[in-house]
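Asks: Structure below; questions to follow.
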Amino acid sequence: MRIIFSLFLVLSVSTIFSQEIETVQDSAIVKVDSLYREDQFYLGLTYNTLQQKPQGVSQNKFSVGLSAGFLRDMPINKDRTHAIATGLGFTFNNYVQNLAITGTGEMPFYTVLDDKTVFNKNKFTQLLVDLPIEFRWRTSTYESYKFWRIYGGVKFSYVLYNRSLYTDDQSKVVITNNIDFNKLLYGIYLSAGYNTVNVYAYYGLNPIFKSAEVGGENIKMKAFNVGIIFYVL
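With this note's numbering applied, the sequence shown covers 11 to 243.
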């Protein structure tokens with residue numbers, strides 16, 4: 011009888027203990043946030059091209075752009091698959107081409123370098139602070155971090171700093187804060203893809219230069235930059 015009672019006691023204690031473990035495990039499950047936000051930090055890498063170039067101007071080397079920033083995600087539907095986002099970012103753009111800028115920042119002079127001209131480097135760069143405003147469509151859920159997305163919008167950029175560089179075997183000309191550069195730039199952009207890595211394209215709606223001429227022709231070059239963009243958190 012004692013043996014039967016002991017077995018019954020052991021089985022009862024085991025059952026209670028296993029139930030307690032299941033309860034602890036259930037309570038340890040992390041609750042998902044149904045009010046989640048997506049893609050609030052970004053990092054982009056682009057290949058930069060110039061559109062509407064003056065006659066004779068060309069790009070013969072790779073021009074790179076880097077961007078990073080924060081976007082506040084604001085869902086506008088119950089499923090949180092549609093959202094509006096805005097924030098702040100920074101962009102560094104580099105344009106390697108054959109439009110030489112000499113003189114000074116207050117009195118710049120422009121020359122198209124032809125095939126007969128021997129030079130080492132010629133480029134201009136910009137550092138911009140960006141204000142993007144975009145509409146977002148995605149297939150996200152609060153249970154998965156992998157989803158399809160299409161984001162598009164308009165970006166306003168203020169040029170904090172510009173610099174041009176021309177070098178040959180005899181000279182080096184560096185000009186900063188050229189007054190002919192547009193201080194305010196704006197354009198449209200689109201990004202699309204799956205998970206973290208997405209394709210990205212930006213087209214400038216106004217010229218990079220506000221008042222510059224070469225050979226009697228206004229310089230109305232606009233940016234068209236394509237590349238990839240990474241979203242996190």
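A virtual CB, placed ideally from N, CA and C, is assigned to each residue, including glycine.
From Leu138 to Tyr196, what does the alpha carbon distance come to, in whole angstroms?
Replies: Approximately 11 Å, taken between the alpha carbons.
Asks: Considering only the beta carbon of each residue, do Gly237 and Thr56 sit closer than 7 Å?
Replies: Result yes, Cβ atoms of Gly237 and Thr56 sit closer than 7 Å.
Asks: Helix, strand or coil, according to DSSP, for Arg148 in the structure here?
Replies: Strand.
Asks: Nearest by alpha-carbon distance to Phe51: which of Lys88, Arg82 and Val183 is it?
Replies: The residue with the shortest Cα to Cα distance from Phe51 is Arg82.
Asks: Could you tell me whether the Cβ atoms of Arg156 and Asp140 are closer together than 7 Å?
Replies: Here residue 156 turns out to be Lys, not Arg, going by the sequence shown. For Lys156 and Asp140, no; Cβs fall outside 7 Å.
Asks: Tell whether a beta-carbon distance below 7 Å holds between Ala246 and Arg146.
Replies: Coverage of the chain is limited to positions 11 through 243, which leaves residue 246 absent and any answer about it impossible.
Asks: Is it the case that the segment 68 to 82 contacts the segment 170 to 185, given that we only count it when at least three CB pairs across the two stretches are under 8 Å?
Replies: Short answer: they don't touch.
Asks: Could you check the C-alpha separation between Glu30 and Tyr152 for me, to the nearest Å?
Replies: The pLDDT assigned to Glu30 is 47, lower than 50, so where the model puts this residue is not dependable, and the model offers no usable value.
Asks: Should Thr215 go down as buried or exposed, given a rule of 16 or more other Cβ atoms within 10 Å for buried?
Replies: First, the residue type needs correcting, since residue 215 is Leu and not Thr in the sequence shown. Exposed, since its Cβ has fewer than 16 Cβ neighbours within 10 Å.
Asks: Please work out which residues of its chain come closer than 6 Å, Cβ to Cβ, to Gln62, disregarding the five sequence neighbours upstream and downstream, and give them in chain order.
Replies: The residues are Lys230, Met231 and Lys232.
Asks: CA-CA distance, Ile244 and Tyr168?
Replies: With the chain running from 11 to 243 in the structure shown, residue 244 is simply not present.
Asks: Check this for me: beta carbons of Val249 and Tyr120, under 7 Å apart or not?
Replies: With the chain covering 11 to 243 only, the question about residue 249 has no answer from this structure.
Asks: Select from Asp125, Ile198 and Phe219 the residue whose C-alpha is nearest the C-alpha of Tyr213.
Replies: If we check each option's Cα against that of Tyr213, Ile198 comes out closest.
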